[in-house]
Amino acid sequence: MRHLDIHADDYGLSAGASEDILKCIGRKRLDSISVLTNMKDCEKYAGRYKEESRKWEREPLLSVHLNLVEGRSMAGKRKTPHLTDEEGYLRSSWGQLFFWSFCPWKYHQVKKELKREIKAQTDEFIRCYGGSRPLRFDGHQHTQMLPIVWHALLEVIKEEGYSAEYIRVTKEPVLPFIKEASLWKTYCPKNWVKNLLLNMLAPEMERRVAGAVPEQEPMFLWGVLFSGCMDEKRVRKLLPLMKREAERRGRKLEILFHPGFTQKSEMEGKYIAEGAKPFYCSEGRKKELQTVMKL
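Numbers in the numbering used here are just positions in the sequence shown, counted from 1, shifted up by 143.
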């Protein structure tokens, strides 16, 4: 097939999650990772990344993992009042960003704030990891798929003159899931809704991204329907079908994992949103780590 990319999200989320991802890289199991820049341990783990990278034959590709729903606002509370709480932590939800995407009396003001935050997080990534490589972007909780967010991102890239080579389009193929009847009962209904909603948002975003980043090849992202539990058994069963579908459609296939586990003791303070904590310390993340190590 054209290209297969094994990817891990959430480097910099916590010490535990970051160390797990470093182990995967050290074992040559990852092609790319996404990096958070606004969590408590981000700067520390930029240093750990540089330290460990001296031992590797090749480094993974790095993406700015834009975080608009939790963590500290890098632009500051006064520049992002709609996105932050009284202490300057980002607290807008996916649902709020979706609403603002179609709310004419809020859209332009919120987009301005998003642009400030996107620029601040991107500049922090460049400060911590260097600016020699072309930039790659995706979004924590797939927020980059929302129209107000990708409009803001594309405007920032153009206005700041960033050299960008990739923006994740979360477009997960449905046909392989349907073909593998033996797995039907294992699919999470809530994740089916995510899959369908993100696929509905994908075509317009993909068209705009193709115009702004012409060197980006068309892609599929696999990791929504199994989000939270990309276990080895199901991944191995579906992998041939996913590869064939990507090849048939002339797309690269990015397989998304969350192999970094966060201990409950690491989630004190306000950096992590309450609603996200069960996902970050779930047993599913340990399973995903095992899957990555065995692929």
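Cβ coordinates follow ideal geometry from the N, Cα and C atoms, glycine included.
Report yes if the CB atom of residue i is closer than 9 Å to the CB atom of residue j, and no otherwise.
i, j, result
"LYS269", "ALA295", "First, the amino acid is wrong: residue 269 is Ile here, not Lys. Taking 9 Å as the Cβ cut-off, ILE269 and ALA295 do not qualify as a contacting pair."
"LEU368", "ASN334", "yes"
"MET436", "ARG170", "yes"
"LEU384", "GLU323", "yes"
"GLY354", "ARG428", "no"
"GLU375", "PRO319", "no"
"MET362", "PHE400", "no"
"SER206", "GLN406", "no"
"ARG259", "THR223", "yes"
"LEU142", "ASP163", "Missing from the structure shown is residue 142; the chain here goes from 144 to 438 and no further."
"GLU89", "ALA218", "Look at the range of the chain in this structure, 144 to 438, and you will see that residue 89 is not part of it."
"LEU204", "ILE398", "no"
"THR180", "GLN284", "no"
So, under 8 Å CB-CB, residue i and residue j are touching, yes? Tell me the CB distance rounded to an integer number of Å.
i, j, result
"LEU226", "ARG191", "Not confirmed; about 28 Å, so no contact."
"GLN359", "GLU411", "Not really, about 39 Å apart at Cβ, beyond 8 Å."
"GLY403", "GLY159", "7 Å"
"ARG215", "TYR232", "6 Å"
Alpha carbon to alpha carbon, how far is residue j from residue i? Give it in angstroms, no decimals.
i, j, result
"GLY238", "ASN210", "15 Å"
"SER325", "LYS395", "26 Å"
"MET144", "VAL378", "Confidence is the limiting factor: at MET144 the pLDDT is only 46, short of 50, which leaves the residue's position unreliable and the question unanswerable from this model."
"VAL356", "LYS420", "34 Å"
"PHE245", "ILE149", "34 Å"
"ILE321", "LEU173", "28 Å"
"SER196", "VAL212", "29 Å"
"ILE300", "SER306", "7 Å"
"GLY393", "ARG276", "26 Å"
"ILE253", "PRO290", "Residue identity differs from the one stated: residue 253 is Val in this sequence, not Ile. Whole-angstrom Cα-Cα distance: 12 Å."
"SER235", "GLN287", "13 Å"
"ARG350", "LEU240", "21 Å"
"LYS314", "LEU341", "7 Å"
"TYR154", "GLU267", "14 Å"
"CYS122", "PHE280", "Given a span of 144 to 438 for the chain in the structure shown, any question on residue 122 remains unanswerable."
"PRO346", "LEU297", "16 Å"
"PHE422", "ALA416", "11 Å"
"GLU390", "VAL317", "15 Å"
"LYS183", "LYS413", "10 Å"
"LEU282", "LYS328", "Residue 282 is actually Gly in this sequence, not Leu. Near 29 Å, if we compare the C-alpha coordinates of LYS328 and GLY282."
"VAL312", "TRP243", "20 Å"
"MET348", "TYR250", "17 Å"
"GLU426", "LYS198", "30 Å"
"ILE310", "SER408", "33 Å"
"VAL178", "TRP248", "33 Å"
"CYS424", "SER161", "13 Å"
"CYS331", "ASP152", "21 Å"
"LYS337", "THR434", "22 Å"
Along the chain, which unbroken stretches of the alpha helix (DSSP H) at least 4 residues long are found entirely within the region 261–337?
290–303, 318–322
At 4 residues or longer, what runs of the alpha helix (DSSP H) sit wholly inside the region 201–254?
237–244
Can you check the region 353–434 for any alpha helix (DSSP H) of at least 4 residues that lies completely inside it and give the ranges in chain order?
375–391, 420–423
Completely contained beta strand (DSSP E) runs for the region 147–193, where each covers 3 or more residues
147–154, 175–178
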